[in-house]
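Accompanying notes for the structure given below.
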Amino acid sequence: MPAFTRRRACGLLAGLLALGGASAQDETAEDEPVVVDPITVSAPRVERALQETPAAVTVVDGETFREGRQRLALDEALNRVPGLYFQNRYNFAQNLRLSTRGFGARAPFGIRGIRIRVDGFPETLPDGQSQIDAVDLDSITRAEVVRGPSSVLYGNATGGVIDLSTATGREDPGTSVTAEAGSYDFYKLAARQGGVSGPWAYHVSASALDYEGYREQSETRKRLGNFSVSRELGGDRRLRAVLTVLDNPESEDPSALTLEEVREDRRQARDIAVTLDSGQEVEQQRLGLIYEDADAAGGQLTLRGFYTRRDFEQQLPFPGNSLLGFDRDFFGVGAEYARSASLFGQPFRYVTGVEVDRQIDDRDRFSVDGTGTQTGRTQEEEQQATASGAFLQGDLDVTDRLTASLGARVDRVRFEVDDRFLGDGRDDTGSRTFEEVSGSAGLLYRLTPDHSLYATVSTAFETPTFTEFAKRDGTGGLSEEIDPQEAFNREIGARGFLADSVRYEVAVFSVAVDDELIVDGDVDGRDFYENAGATSRDGLEIGLEWFATDAFTVNAAYTYGRYRFDRFVDVDGNDFAGNRIPGLPRHQLYLEGLWEGSNGWYAALDGQIVGPVFADNANDVEVSGYGVWNLRGGREWGLSGGRRVEVFGGVNNLFDKEYFANIRANAFGGRYYEPAPEANAYVGATLTF
C-alpha cells in the first residue's frame, strides 16, 4: 500500500466524523456524567488503591492497547502517560527507546534505567538493560507505570517501572482472528484464544508481522507467541505458567543520516548500512512459573521463577569490529510476602521479599571490511552478571487521613568477564562488584474521599552495562573509572476526581544525580561512556482523563522537564556545566479525543506535540520540535451465535509532518537523524467467536 496522501487522510477524517455525527443521533445517554470506578495498583509492591499511593503511578487498561490501533510498539498506548518520552518506533533493529524523567535517554538502543516486568517476570537484565521485542501487545490486559527513581522497589532502576500483565483466559474467553494491511507493505496476522474449564484457565496468542518500512533497509519480520495456563488449587492458592516465544529472523537497520542526507532523500539508508546489510536476527524463549497463596499465615505469598534463552546476531552499520552475536541464558527466582497487621494500634500493611537474577552471555565478535567480508575474530568471551536483592516496604495509617510509607532495599550486582580470545594481545578478563542501599519515605494525606496529596523522597542507583565498561584507549578489562550513577528524588503530587467524571494527577519532581552515565562520543560507531559529575532533573507532570459523556472521553498529558548538566567536563576538557542533556525535550503534550457510540462505532484523534531537543552535549546542534496527529476509528457488529466482527483503520501522521523518529545523541560525523514516516494508513478486521 503506498504512502497515504494528505488529501486522502483528510477525506478519511471527514468521512469518519460524518459517520460519527450521524450515529450520535442514536445515543441515549451521551449527556449524562460518568462515575469513575476506583483503581487498585500493585507495581509499587504494596497493593493499594491508586488514590492512596504516594508515588507517580499511571494505569492503562488493555483495551487502550488494541482499539483501532496498528499495534507496532508500546508507545501507541503509553504516550498518554505523563513523563514518558518514546523514540525509535520504526527501527526494529535498535528497538523502541524510552525515557522517563530524562532517564534512559543515553541508550543507543533498547531501554536503560527503567525496569520492565511482564506478568511479574523481568524483561530487564541484571546489568539494567531491557529489551521489549518479545512483549505481546495483543495479550496485554493492563499496564502500570511508576515514574521516578525506583530502586527501593526493584533494584537497578533510576527511571521507573513499567509493569505489564497479560491475559489468563478468564477475562474474555473466546477466539479472535485479526488481519491488517497498511502503507509501506505492512501486514500483520494475529489470533487469540482463551477459556476456562473448571479450575483451569488458558490463553494462547500468536502473531506474524511483515513490514517493509518507510526507509530503505528497514524491513522487519517477526513471529511471536504467548501461552498461559493457570490452575486454581483451592484454599486461595493458584499456579500459573507462561511461555513466550519470539522468532525475529530479520530486522534491518538503515542507520542514522546527516542533515544534508536527510534533505537529499529522507527515505534513504546510510550507504554502508545497505552494503553491509546491517540489522539483527533474534530468537528467544521464556518460561515463567508463578505461585500465589492468598492465605499463607494470614498474608499473601508469591513465588516466581523463570528461564529465558536468547540467541542474537547483529551486523552494525559500519565496517570494522561490527559483526556480533551472543547466546544468552537469563534466569532467576523471587519470593515476596505481603500482610496486613496492626502497629501501634493502627492499620499497617507491609511486603518483604528477596530476588536473585543471573545473566550468562557467550559472546563473539568479528571484524568486516567495507564489502561485508569477515576479516577476523575480535572477541570470544563469557559475560556474567548476577543481581541479588532484599527489600521491605510498609504503609502505616497514622490517622484516618494520614498514611506514612517507608521502604528499604539492599542490592548486590556483580559483573564478570572471562576473555577466551587473546590473539589480539589484550585480555578483557575482569570483574566489578557494586553494593547499594536504597530507601524511600512518603506521606499521603486524604483531603477528602476524592482528593489526596503526597510527598516522597527516595534514592536509587543505576549500574553501567557491559557495553558501558568499554575503555576508549582499547586496553583490556572492565573500566575502573565507570561507576553507578546515584539519584536522589524529591517529589510532591496530587490526584483525585472532579465532578465524578474527571480523573487528574499532578506531580512536581526534582532529581539530583551524581556520576551520571553519559555518552561521550563514539569511535567507528561504537559509543563510549563516562560519569558526567552531576546532573539535575526538575519537572512537572500533569495527566487528565475527562469522561465527558458515556460516549466521549478526553485524555491529556503534559510534561515539563528541565534536564541539565550541573558539573561535567569531558575527556577533551570541554566544560558542559549548565547545558541541557541531549535528546530530551523541555515540553511535551499529548491530547486525545475518543468517541465510542452505543451502536458499535468509535473514532479517536490523538496528537503528540514535542519541543526541540539538542543533539550533542555542547548544545551546538538543535533539532526542531514537532506536532504529529493520528486518526483511528472503526465499527463492531454483533452476529448470530455470539460472534462479532470489527472493521477498523487509521492514519498515522495525519497532516504529513516531516520529523525525526529518533535522534542519536553525540553521534560521530553529525549522523544524528532517523527520519519518521510521512502520512501513512492501515486497515484491519477482527472476527471474534
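FYI, in the working numbering the residues of the sequence shown are 1004 to 1692. Beta carbons are placed, not taken as given, at the ideal position from N, Cα and C, and that holds for glycine.
Once you ignore the five residues that flank residue i on each side, which residues in its own chain have a CB closer than 8 Å to its CB?
i       : result
Val1641 : It should be pointed out that residue 1641 corresponds to Gly in this sequence rather than to Val. Within the same chain, Gly1641 has close Cβ partners Gly1603, Arg1647.
Val1626 : Pro1615, Val1616, Phe1617, Ala1618, Phe1663, Ile1666, Tyr1675, Tyr1676
Arg1051 : Thr1043, Val1044, Arg1352, Asp1398
Thr1381 : Asn1324, Arg1368, Phe1369, Ser1370, Phe1424, Asp1427
Gly1673 : Thr1261, Leu1262, Val1624
Ile1485 : Pro1467, Glu1471, Phe1472, Leu1520, Tyr1532, Glu1533, Asn1534
Val1049 : Ala1341, Arg1352, Tyr1353, Val1354, Gln1396, Gly1397, Asp1398, Ser1408
Ser1539 : Ser1513, Val1514, Ala1515, Val1516, Arg1565, Tyr1566, Arg1567, Asp1569
Are the beta-carbon atoms belonging to residue i and residue j less than 9 Å from one another?
i       : j       : result
Tyr1353 : Thr1305 : no
Phe1491 : Thr1462 : yes
Gly1123 : Ser1102 : no
Phe1089 : Ser1254 : no
Phe1469 : Phe1418 : yes
Thr1212 : Leu1227 : It should be noted that the sequence gives Leu, not Thr, for residue 1212. The answer is yes: Cβ separation under 9 Å.
Arg1435 : Gln1054 : no
Asp1372 : Ala1390 : no
Gly1636 : Ala1606 : yes
Thr1562 : Ile1584 : no
Gly1356 : Ala1393 : yes
Leu1292 : Arg1307 : yes
Glu1286 : Asp1314 : yes
Arg1361 : Gln1386 : no
Gly1198 : Gly1172 : yes
So for residue i, helix, strand or coil by DSSP?
i       : result
Gly1630 : strand
Leu1140 : coil
Arg1266 : helix
Gly1379 : strand
Thr1161 : coil
Val1277 : helix
Thr1402 : coil
Phe960  : What is shown of the chain runs 1004 to 1692, which leaves residue 960 out entirely.
Ser1343 : strand
Ser1482 : coil
Val1155 : helix
Ser1200 : strand
Gly1499 : strand
Phe1692 : coil
Gly1228 : strand
Phe1671 : helix
Gly1687 : strand
Gly1410 : strand
Leu1425 : coil
Glu1255 : strand
Gln1220 : coil
Glu1055 : helix
Ser1168 : strand
Gly1645 : helix
Ser1504 : coil
Ser1434 : strand
Thr1261 : coil
Tyr1457 : strand
Ser1233 : strand
So, for residue i: in the same chain, excluding its five sequence neighbours on each side, which residues have a beta-carbon less than 6 Å away from its beta-carbon?
i       : result
Ser1142 : Thr1169, Ala1170, Ser1208, Asn1229
Asp1609 : Glu1595, Asn1633
Val1631 : Gln1611, Asn1656, Lys1660
Arg1074 : Leu1140
Leu1279 : Gln1318, Gly1375
Leu1326 : Gln1318, Phe1369, Val1371
Tyr1593 : Asn1082, Arg1083, Ala1560, Gln1611
Pro1152 : Thr1161, Ser1461, Ala1463, Ala1490, Asn1492
Glu1508 : Arg1498, Gly1546
Phe1651 : Gly1071, Gly1637, Gly1687
Got a sec, what are the start and stop residues for the alpha helix (DSSP H) residue i sits in?
i       : result
Arg1069 : 1065 to 1069
Ala1080 : 1078 to 1081
Can you tell me where the beta strand (DSSP E) with residue i in it begins and where it stops?
i       : result
Asp1541 : 1537 to 1550
Asp1314 : 1302 to 1318
Tyr1593 : 1590 to 1599
Tyr1662 : Where Tyr1662 is concerned, there is no enclosing beta strand (DSSP E), given that its DSSP letter is neither H nor E.
Arg1072 : From DSSP, Arg1072 is part of no beta strand (DSSP E); its letter is neither H nor E.
Gln1287 : 1282 to 1299
Using C-beta distances below 7 Å, list every residue in its chain close to residue i, excluding the 5 sequence neighbours before and after it, in chain order.
i       : result
Ser1345 : Phe1351
Val1121 : Val1138, Leu1167, Thr1169
Val1265 : Tyr1676, Pro1678
Would you list, in sequence order, the uninterrupted beta strand (DSSP E) runs of no fewer than 3 residues that lie entirely inside the region 1086 to 1135? 1087 to 1090, 1100 to 1103, 1117 to 1121
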